[in-house]
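Heads up: the structure comes next, in structure tokens.
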Amino acid sequence: MPAGTLYRGREGMWSWVAHRVTGVLVFFFLFVHVLDTALVRVSPEAYDDTIALYKMPLVAVLEYGLVAAVLFHALNGLRVIAVDFWSRGARYQRQMLWTVVGVWAVLMAGAAYPVLGHAARELFGS
């Protein structure tokens with residue numbers, strides 16, 4: 022790293038970046054979700070078309086990404102709370118981050134079939 026560089030690229034900085042990125046992604050999902058739900062009042066046919074679009078396999082992959090973003094944001098948020106309010110939190114922030122990543126990976130592996138199962142059946146048959 023060049024001298025004077027503010028960020029060193031350590032785990033804390035990357036978790037900060039990931040927390041902000043996942044927060045923005047979840048915000049935009051909620052914004053789109055409110056808009057597409059409000060569409061039912063404007064045009065029920067357009068709403069039905071939108072819901073049919075959501076059954077496409079590509080959207081299942083995007084839903085899996087949404088699950089990944091929400092889950093990481095939630096778990097990392099708990100870690101941030103522990104760092105802020107536990108007297109020894111800053112000392113163990115790196116270990117807590119790797120615990121968050123491990124729990125996140127296990128839960129994402131468990132979410133793969135329920136979220137992506139329909140897309141796999143759609144693409145490759147029953």
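The numbering used here puts the sequence shown at residues 22 to 147. Glycine included, every Cβ here is placed at the ideal spot set by N, Cα and C. Every value quoted in this text rests on a predicted model; they were computed, and no experiment measured them.
{"Asked": "Pairwise C-alpha distance: residue 75 and residue 140", "Found": "11 Å"}
{"Asked": "Distance between residue 87 and residue 119 (C-alpha atoms, nearest Å)", "Found": "21 Å"}
{"Asked": "When 122, 31, 67, 106 are compared against residue 94, the one with the closest alpha-carbon", "Found": "122"}
{"Asked": "Buried or exposed by the 16-neighbour rule on C-beta atoms within 10 Å, applied to residue 62", "Found": "exposed"}
{"Asked": "CA-to-CA distance, residue 110 to residue 33, given in whole angstroms", "Found": "12 Å"}
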